[in-house]
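So the protein sequences, as listed, match chains Z and P. Per my numbering, the first sequence runs over residues 1 to 367. Per my numbering, the second sequence runs over residues 1001 to 1777. Taking it in order: structure first as C-alpha cells, then the write-up.
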Amino acid sequence: MPEHPSGLALVGALCCATLFTSAGCDGPDRVVLGISSSPRFVDAARLALEQSATQGVGVELDTVLVPDGTNLAAPAIRIAERFAALDGLVAVVGHSNSASSLAASPIYNDRRVVQLAPHSSAIFYSQAGPYSFRLVPPDDRQGAFLAQHLATSLSDGSRVAVLYVNDAYGRGLRTAFLNALDTMRLHLALELPHTQEALTEDDITWAAEALRVARPDVIVCLARANVVNRYLPAIRRELGNIPIVGGDAVAGAEHVPNDDGRWNGVRFVDFLDLDAGSPELQTFRRRYRERFGREATAPDALTYDAVGLVLAGIRAGARSGPELRDYLRSLGRERPPFQGITGLVAFDSAGDIDRSYVLRTIGGGTR
Amino acid sequence: MSTGHRVPRSVSRRILLVGAVCTLVLLLAMALLVGINARLHSDLYAATGAFAEEQRIADQISNAVMRQLVIASTPTPRRGADVHAEFRAAGEDAYEGMQRYLFRDLSADERLQLESMKEHHQRLEVAATRTFNLAARGAVGQAEASTDLMIRHALALQDAVDAFLRLREGDLERIRTRQAAYFRGMGVGLGALALLLVGSAVLLARYLHRRLAVPLAELSDAVTRVGVGDLAARAPTSDDGEPGGAERADELDQLAAAFNVMAHRIEKTQTVLRQSEEQFRLLFANNPLPMWVYDLDTLQFVEVNDAAVDHYGYSRDEFLSMRLSDIRPPEDVPRLVADVQAERPALSHSGEWRHRLKDGRIIDVEITSHTLAFGGRRAALVVAQDIAQRKRAEAQLHDLTQELEQRVALRTTELLASEERFRSLAVTANEGIVTADRRGCITYLNPAAERTFGYSAGEVLGQQLTVLMPERFQEPHRRGLARYLATGEAHVIGRTVELAGRRKDGTEFPLELSLASWHQDDEPAFAGIIRDITERKQIEEALQRSAADLEVANKELEAFSYSVSHDLRAPLRGIAGFSQALLEDYDDALDDTGRDYLRRLVAASGRMGVLIDDLLELSRVTRHELQPERVDLSALAQSVATELCQREPRSRVQVVIAPGLEARGDASLLRIALQNLLHNAWKFTGRHEQASIEFGTTERDGVRVYFVRDDGAGFDMRYAEQLFRPFHRLHRETEFPGTGIGLATVQRIVHRHDGRLWAEGAVEQGATFYFTLGEES
C-alpha cells in the first residue's frame, strides 16, 4: 500500500521530524506546523505550502506532513502524541475525518496547540476545546438540510432507509437527520449501521437484503465514499436505481472509478459548488489538476484553505498556539474574515464556521 | 562600668542565630511536611474522585450495553419503531459515556483503549441491528448467530472497559507508589533533620563550653589571684597572640579585657602610690629647710628631717625625745600653747617665732604648718624657715626708701618750676584758660579769661564753673560732670565745641571751648581753653542769609523759565498751525519762494516746540519734589529699551541690561535720566551696521557707579565737559538731531540725587556715561 504508509512508517517519519525540529534552534523565530490527513488532502496542503513559500511567513517555518490513509481514530491519536512532542509546534491541520479529528483533539488542547480540522463535521467536535477549529459547520445543520431536501423531493409517506457508519460522524449525523425527519411526513423504514473497518461482504449482502425487504423509497448514506462504493453494487442489484442521497463524506466519490455506473445519479451534500467558485478556487483546481493529475474536491480546497489560514496567522505574528488561537478568534471581529478560496472564514465561539451546503449529483449538476 | 561604647554581642548573637536557624529549619521542615502531605492528600483525593467518576461512567456504559443486549435479545410484541428507539437511546447512553471519557485527562494508551471500547460498541450495535432485522423477518437461525456475535462484542466491550479501568487504576497505583516514595523520603528527611538538630546541639554545647565556661573559669582564676594581691594576674582574651582575635571579641572577651584594664590600673596606682610615698619621704628627709612632725595633743616630736638636725644642733633621737616647747624661749611657750590649741586651717602660716638652738642661740623663724594624720595621731607638719637674712633685707629696704623720698622732694621742686612756666604761658595767652577741680570749682582763670568774662580771678576762684555759663547750660554741665566722675564717659572732653558764655554783666556770647582733663593728686582736674567767636558767628550768619537769598532767587528764576516755556507753547502752536493752514489752503496763492518760506517756518516752529518741551522737562526736573524709594533700575532700563525698539525698530542692535540693579531715588526722575541716556545711545549708534548698548554697574573708589555704554559715534574727550551744558551739541543737527537739553537734564537729575555724572569716549569708538547716586556713596 504505497500510498498509505503503515503505522511503523508514520512513527518513523515523526521520529525523524522530531529529531529535525529538535536539532534546530527553539527560539521564537521558528515555528512548526503539523499536517495529517488523507494522502490526497495532504497533497492539497502541500500545494498551499508551496504557494506560501513564494510569499514567506516572516519566520522560519518547519512543516511536518503525515499522510494517514486509515481514517481511524487510533492512528490519529498516535500521530497527535508525536506531534505534541515537537518543539515549536503551533498548529496541526487535520485529521482526515471527524472520528480521528475528535479523538486527537484532547491531546492538542492539552498541549495548547491549535487544531484546524478542514472538513470534520462531527457534532461533538464543537466541545473539543478552545484550540479546536474547523472549516465546515457541525452535522446537526447538515442533518436538517438532508431531511429538508427529502421532504421537498419525496411525496408524503415515502419510506427512508438510513445507512450510516456507526462512529462519531455517522452517529451524530444520523441523530441530527432523524430528529429533523421526525418533523417531516416521511417514514423511517430502516436503520443500518456499519463499522468502517470491519465491514464484510456478508454484512453487505445482508444489508442489501434488508433494504430490499424494507422497500425504501430513498436510501440516505451517512457513510464514507469507500464504504458506499462497496455497498452500491449490492444495492443496485437488489433495488435497481433507487434514489441514493449521501452525506458530505461521499464528496470525492465523483472521481472514483465508476465503470459499472453504480454511482450514477447518487446525490450528496457538499460544502462547495466547485464550478461556481471564485477565480482563486478555479486557479487552485487548475493547479491541483496540473500538479497531481486528478480533479480537486471540496475537501481538497478546504484543506488548502486550512493551511493558508494557519500560515496567515503566523504571518500576522502568531508564534505560539495561544497567539494563533487568538488570531483565529479575532477573524470577523477585531480583524476582517480570512479570504480563502472557499469563501470568507470566521469562527463562532465554539470554533465552528457558518457555511451553506449544496447538493450535487454524480454525473449531473448542482442543486 | 559604663564606657559609652557599644559592646559587641557576638556570643549572644551567635546563640540567637543558632536558635533562629534551628527554629527556621524546624518550621521549614514542618511546612514541607505539611505541604507534601497536603499535596499527596490532594492528589490522592483528586485521583480517587476521578477514578470513582470513571467507575460511574463505566457503570453507565455497562448498564446501557446490557439494556441494548436485553432489547436486542428479547422477542417483544411491541412495535418495531419503539424498540429501535429504546435501543438507540440505550446506545446513546453508552456512547455518551464513552464521549465523557474522551474529554478527560487520559494517556495515549488510555485513549487507544477508549477507541477500542468504541469500536466494540459500534460492532455490537451493528450486530444488534442485524439481530433485530433477522428476528423481525423470522430468520431465527441467523438471528441467533447474530445475537451470539452481539454478545461477543458486548463481552469484548466489557473487557475493553475493564482494561480501560485497569489503566486508570494504574494511575492510582502510581500515585500510591509516589506517596510511598514521598513517605520514605519524609522518613529520611526527618532522620536527617534529627541528626542535624543533634549535631547542632553538640556544636552549640561545645561552643558554649569553649566560649563561655572556659573563659569564665579563667576570668574567675584571674580575679582570685588579683584578690590575693597578685596584681600582675590577667585574664586571657582572644587577642592574646591569636591573629584576628580582636575582631572576634565577644562579651566575655570584653569582660576579661575590662578586668585586665582594671587590674592594670590598680597595679599602676599602687606603683604610683609607692613612688609618691618614696618621693614624699625624700622630699621630707632631703628638704634643705628644717622640717618636723609633732603630735598636736602632746607637742611631742614624732619625725624630724636632717636639715632640722643640722640647723638646730639636736640629734635625731634628741629631737624625738623632746617636745615642741623645748625649742622655744620660756617666755614664748604660753603663746605657743595658745596657738596650738586654737582652731587652725589645714595649711596655716603661723607667723614669725623665736626658736632656741641646742647651743642656746635664739633665731627668728617663719613657721608654716600643715595638720595631718600621722601614724593614727593628730599631728602637724612644720616647715621652719630662718628669716635672719630677710630681716637684714628689710633694713636695707628702709634705707632705700629714705633715699627715694629725698629724690621725690627734689622732683617736686622741679615740678613747681614747671608750673610756674605754665602759669607764665597762661597769663600771656590770648585764649582764655580756666581750670577746675573734680567738683567743678574754678581753680584758675588766666587774664585772657578775665577779659572775656569780665571777672577778675579773685572773684571766681573757688566758685562753680556755672557762673560762667548761661542758665540753660548749667544743668547739662552738672549732669555731664557727675556722669564723667561716675563712669569716666566724656562727651566734651578732648573735643572742641561751640557753646555760649555769660559775662559778668549777664550778656551772652558765643564761644569755642576745648576741654581737657588730667589727674592731680589722684583726683581729676579740668582745663578749658575758651575762644570768643562772636565775630565769626556774625560772618557765618551773613553768609547763610546770602545763600538763602540766592536759593530764593534760583527758584524764582526756575519758575520764570517754566512759565516762559509753558506760555511760549500756545503762540508757537498758533504759528505752526496757521503756517500749515496757509500751506494747505492757499497753496495756489503762493509762489515757490513763499511756499519754501512757509515750510521753513513750520519746521522751525516744530524744532522750537521740541526745544520748549525739553526746556519744560528740564524745568520740571528741577522743580519736581523728590520722592525717594527703592527703584528697580534694571526693570526701568528694560522698559525704556523696549519703548525704543518699538518706536524706532532696528534689527542689529544688542541691548544688554545687567539684572538686579536697584537704587534709592525718585523713580520718575531716574526714568527720565535713563530715557535720555539710552535714547542718546540709540541715536548715536544709528549710523553703525551693528550696535551694542549696555546698562550696567561698576565700582570706583568704593562707590557704586552706573553706566550706559554704546559703541556708536562717540566724542572727542577734549569736549567732554561741554556735553552737559544746555543747548550745547558736539554734532551737527543734520548728523544727529537734538536740542542739547537731554544731558543737561540728566545732570540735573543726578545732582538732585547728590550724585555725579561724567562721560568717557572717543570719536567713532563709542561713549560711556557714568553716574552715581548719592545714597550709594
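Backbone N, C-alpha and C define an ideal beta-carbon position, used for all residues, glycine too. Fair warning: this is a prediction, and the values are worked out from it, not measured in the lab.
Buried or exposed: residue i, going by 16 or more other Cβ atoms within 10 Å of its Cβ?
i, result
"P/Asn1554", "exposed"
"Z/Trp206", "buried"
"Z/Leu181", "buried"
"P/Met1469", "buried"
"Z/Ile79", "buried"
"P/Gln1279", "exposed"
"P/Ile1266", "exposed"
"P/Val1034", "exposed"
"P/Thr1593", "exposed"
"P/Asp1250", "buried"
"P/Ala1762", "exposed"
"P/Gly1742", "buried"
"P/Thr1772", "buried"
Using CA coordinates, which residue listed in the options is at the minimum distance from residue i?
i, options, result
"Z/Asp167", "Z/Ala147, Z/Gln127, Z/Ala144 and Z/Thr195", "Z/Thr195"
"P/Thr1745", "P/His1688, P/Gln1675 and P/Glu1735", "P/Gln1675"
"P/Glu1694", "P/Arg1752, P/Thr1534, P/Gly1766 and P/Arg1700", "P/Gly1766"
"Z/Pro75", "Z/Ala296, Z/Phe292 and Z/Gly94", "Z/Gly94"
"P/Leu1255", "P/Glu1278, P/Gln1279 and P/Leu1216", "P/Leu1216"
"Z/Leu281", "Z/Val266, Z/Leu222 and Z/Pro299", "Z/Pro299"
"P/Gln1690", "P/Arg1652, P/Gly1696, P/Leu1678 and P/Leu1669", "P/Arg1652"
"P/Ala1050", "P/Ser1619, P/Leu1172 and P/Glu1086", "P/Leu1172"
"Z/Ser155", "Z/Tyr164, Z/Ala144 and Z/His187", "Z/His187"
"Z/Leu199", "Z/Arg294, Z/Ala189 and Z/Tyr164", "Z/Tyr164"
"P/Arg1623", "P/Arg1130, P/Val1552 and P/Arg1472", "P/Val1552"
"P/Glu1512", "P/Glu1489, P/Arg1536, P/Phe1526 and P/Ala1490", "P/Arg1536"
"P/Glu1617", "P/Val1382, P/Glu1629, P/Thr1642 and P/Ile1672", "P/Ile1672"
"P/Ala1201", "P/Val1018, P/Arg1732 and P/Asp1701", "P/Val1018"
Once you ignore the five residues that flank residue i on each side, which residues in its own chain have a CB closer than 6 Å to its CB?
i, result
"P/Ala1409", "none"
"P/Leu1601", "Ser1579"
"P/Leu1320", "Phe1301"
"Z/Glu191", "Val162"
"Z/Gly391", "With chain Z represented from 1 up to 367, any question about residue 391 of chain Z goes unanswered, as that position is not in the structure."
"P/Val1631", "Ala1663, Gly1665, Ala1667 and Leu1670"
Going along the chain, which residues of its own chain have a beta-carbon closer than 7 Å to the beta-carbon of residue i, five neighbours each way excluded?
i, result
"Z/Leu46", "Note that residue 46 of chain Z is Arg in the sequence shown here, rather than Leu. Only Leu65 meet the Cβ criterion."
"P/Leu1134", "Gln1142, Ala1143 and Ser1146"
"Z/Arg112", "Tyr131, Gly321 and Pro322"
"Z/Arg294", "His255"
"P/Arg1344", "Thr1371"
Identify every residue that forms a DSSP beta bridge with residue i.
i, result
"P/Asp1364", "P/Arg1354"
"P/Met1291", "P/Val1383"
"P/Trp1518", "P/Ala1525"
"P/Arg1630", "P/Arg1664"
"Z/Pro193", "Z/Tyr164"
"Z/Leu65", "Z/Ile35"
"Z/Leu359", "Z/Val269"
Leaving aside the five residues before and after residue i along the sequence, list all residues of the same chain whose C-beta is less than 8 Å from its C-beta, in chain order.
i, result
"P/Val1065", "Ala1090, Ala1094, His1121, Leu1124, Ala1154, Leu1157 and Gln1158"
"P/Thr1298", "Arg1323"
"Z/Gly58", "Ile314, Arg315 and Gly317"
Measure the Cβ-Cβ separation of residue i and residue j and say whether it is below 7 Å.
i, j, result
"P/Leu1515", "P/Ile1493", "yes"
"Z/Ile362", "Z/Ala301", "no"
"Z/Ile123", "Z/Asp139", "yes"
"P/Val1293", "P/Glu1277", "no"
"P/Ala1163", "P/Gln1099", "no"
"P/Ala1457", "P/Glu1431", "no"
"P/Arg1451", "P/Val1621", "no"
"P/Asp1332", "P/Arg1361", "no"
"Z/Ile353", "Z/Leu135", "yes"
*Scan the region 178-209 of chain Z for residues whose Cβ lies nearer than 7 Å to a Cβ of chain C and list them as they occur along the chain.*
Here the protein chains are Z and P, and chain C is not one of them.
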